[in-house]
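According to this note's numbering, the first sequence is numbered sequentially starting from -12.
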Amino acid sequence: MARHSEFQSIRGMHDLLPPESERWQLLIETFRTQLGRCGYQFLATPVVEQLEVFARLGEGTDVVTKEMYTFEDRDGQALALRPESTAGAARSFIQHRPTPPWKVWYFSQHFRYERPQAGRYRQHHQLGAECFGPGDGDIDVELIVALWDFYQALGLRRIRLELNSIGEPATRARYSERLQAYLGDRVDQLDPADRVKIEEHPFRVLDSKRPQTQAALVGIPTLVEELTPDEATRFARVCDGLAAAGVPFEVNPRLVRGLDYYTHTVFEIISEAIDAAQSTIGGGGRYDGLVEALGGPATPGFGFGTGVERVLLACDAEGVFGQPAPSLTAFVVEFGGDGSEARDLCLSLRRMGFSVDRAPGKSPKSQMKAADRSGAEFAVILGSDELRDGTVTLRPLRSELEQMVIPRAELAERLRRASTIATDLV
RNA sequence: GUGGGUGUAGCUCAGUUGGUUAGAGCGCCAGUUUGUGGUACUGGAGGUCGGGGGUUCGAGACCCCUCACUCACCCCA
-12 MARHSEFQSI RGMHDLLPPE SERWQLLIET FRTQLGRCGY QFLATPVVEQ LEVFARLGEG
48 TDVVTKEMYT FEDRDGQALA LRPESTAGAA RSFIQHRPTP PWKVWYFSQH FRYERPQAGR
108 YRQHHQLGAE CFGPGDGDID VELIVALWDF YQALGLRRIR LELNSIGEPA TRARYSERLQ
168 AYLGDRVDQL DPADRVKIEE HPFRVLDSKR PQTQAALVGI PTLVEELTPD EATRFARVCD
228 GLAAAGVPFE VNPRLVRGLD YYTHTVFEII SEAIDAAQST IGGGGRYDGL VEALGGPATP
288 GFGFGTGVER VLLACDAEGV FGQPAPSLTA FVVEFGGDGS EARDLCLSLR RMGFSVDRAP
348 GKSPKSQMKA ADRSGAEFAV ILGSDELRDG TVTLRPLRSE LEQMVIPRAE LAERLRRAST
408 IATDLV
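This is the structure we're talking about:
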């Protein structure tokens, strides 16, 4: 893209313009409806937090150690743009001590300093939800089903839910050691690029994309085998709940997530329609230790995030969006007067709840052209004859019906009957 | 951070081995139709060829640097 001016948006950060922005509104509205049914309410936390809030997410996460936008303010306080939203929500929970269960949803922008590519941006947006308080698996089911139904409501069909349990931290640690031992015995079978991970991030070897590594992983001990009876029972209840809700899923014993705070249930939802490397459209899990790690009372939690840009990629790939509906009821076209009557008519129609626009000062032909382009259902023509007679010409733009001259007083009623757009007033 | 591809009009792109004044389609503006969009025809506006340097009589084409976009790795939504 050519650079025409001195300034442009920051790498990996994009403007959101109409008509694309309309689809964002649709996504947000659908999400709000879906989560509202489950009793979740909107939460907004600041874009900036103390660096330490995110640092507590763990040393083992690239999001924290490599990708954060960090800076000092004028007082020398260490701050960061949020790379995700769960930490801020947890901080907020601790700060305000709402009575659990605290069920919130959010729409927020996140910042990660990575090289942009398809479905990955330095500023990206997520819709998400968190539930602080209840520690039972039924909350896991509630939120996963809500997210699944959100995708269904959008019309996405080619999606896949992958599920796993990583148990309590003790189980995870035990498995980590076992994994390191297993991998240590087979170092030379792994892809060289993966060998270095054994020490620091043994779990990262599991979901490696490299064929040589994947071949070496056949028969590797799985986390599921390592779960205690209690953990396994808990996981089974989550699986049962999803099955009862009719949500198809597959247990992926190698599913590990990028953030260290997860316990028990973790999941991802992948779009099979996206023809790009970044095809995970949503993911989340349980984080029973997070609130405590941030200095709050021991409180379990579960949450997820879904990437708005990626969901829209999936929607495009599946072609779920039809023709956009008309957004204007009427477009007022004027000529032969000084424009004041058209101006007043336009304003009064708006106060009656109609969506109306106009393009004053241009030729009749140009105004009609503007009316067509605006997507309006009707042109309301105020020419010299109509001005003289106190009438308007009502011309349908989206159908083959004939135009008609009607008394000005009848206009509102005619529009109300003929328009497919609901007015927001009576 | 590593590697590949691409930068020409608002958008999508042509532009031959380096050779006059840089093109097309769509979009935009206007006219054919001084009261009517969506079709058709005609005309018009719009470009420091991403930026800088170099080679050359001559660079949109070649070389170097740089910036941006893009795809992949890493990682993640």
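Think of the CB as a built atom: it goes at the ideal place given N, C-alpha and C, for glycine as much as any other residue. Since the structure is predicted, the reported quantities are computational estimates derived from the model, not experimental observations.
The closest CA to that of VAL379, considering only LEU388, SER386, GLU213, PHE365, is found on PHE365. Setting aside the 5 residues that flank it on each side, ALA260 is surrounded in the same chain by ARG145, ALA301, ALA304, GLU305, each with a C-beta closer than 7 angstroms to its C-beta; the list follows chain order. In this structure the region 187 to 201 does not touch the region 85 to 105; the number of beta carbon pairs closer than 8 angstroms is below three. Taking VAL343 as the centre and dropping the five residues before and after it, the same chain places the C-beta of ALA317, CYS333, LEU336, ARG337 closer than 6 angstroms to its C-beta, in chain order.
Looking at the DSSP output, VAL253 sits in a beta bridge with ASN151, GLY272.
In the structure shown, ILE261 adopts coil according to DSSP, grouped into three states.
The residue among GLY75, GLY63, THR57, THR48 with its C-alpha nearest the C-alpha of VAL40 is GLY75. Of the residues ALA31, LEU381, GLU149, the one whose Cα lies closest to the Cα of VAL234 is GLU149. For the pair GLY245 and VAL320, the Cα-to-Cα distance works out to about 57 angstroms. When C-alpha distances from ARG161 are compared across THR209, ARG147, VAL132, the shortest belongs to THR209. Taking the Cβ atoms as the reference, MET355 lies roughly 22 angstroms from ALA399, outside the contact range of under 8 angstroms. When DSSP states are grouped into helix, strand and coil, LYS196 belongs to the coil group. The criterion of a C-beta distance shorter than 8 angstroms is satisfied by ILE131 and LEU229. DSSP places ARG61 outside both helix and strand once states are collapsed to three, so it counts as coil. Taking a cut-off of 8 angstroms for Cβ pairs, the region 113 to 129 and the region 176 to 189 do not touch, as fewer than three such pairs fall below it.
Where MET355 is concerned, the enclosing alpha helix (DSSP H) starts and stops at 351 to 361. The closest CA to that of LEU3, considering only GLY270, PRO156, GLN96, is found on GLN96.
Residue environment analysis places THR52 among the exposed positions, since fewer than 16 neighbouring C-beta atoms fall within 10 angstroms of its C-beta. Shown here, VAL50 sits in a helix according to DSSP, grouped into three states. The C-alpha of GLN110 is placed about 6 angstroms away from the C-alpha of GLY(-1). At a Cβ-Cβ threshold of 8 angstroms, LEU38 and ALA65 count as neighbours. PHE341 has its alpha-carbon roughly 12 angstroms from the corresponding atom of ARG404. In the DSSP assignment, HIS83 falls within the alpha helix (DSSP H) that extends over 73 to 83. Within the region 2 to 41, the complete alpha helix (DSSP H) segments of 4 residues or longer fall at 7 to 23, listed in chain order. Minimum Cα-Cα distance from THR20 among the listed residues LEU114, ILE(-3), PRO70, ASP60 corresponds to LEU114. Residue state for ASP344 is assigned as strand, using DSSP reduced to three classes.
Straight across, the Cα-Cα distance linking LEU68 with ARG165 is about 36 angstroms. For the pair of segments examined, the region 285 to 302 was found to touch the region 260 to 270: the number of CB pairs separated by less than 8 angstroms reaches three. The alpha-carbon separation between GLN(-5) and PRO70 amounts to approximately 23 angstroms. Assignment of LEU66 by DSSP, reduced to helix, strand and coil, places it in the strand class. The three-state secondary structure of PRO179, taken from DSSP, is helix.
Residue pairing for GLU321: DSSP places it in a beta bridge opposite LEU369. Within the same chain, PHE254, GLY290, PHE291, GLY292 come within 7 angstroms of GLY271 by CB-CB distance, once the 5 residues on both sides are set aside. For MET391, the number of other beta carbons within 10 angstroms of its own is below 16, and it is reported as exposed. DSSP places ARG330 within a helical segment (H, G or I) once states are collapsed to three.
In this structure, the alpha-carbon of GLY142 lies about 39 angstroms from that of ALA203.
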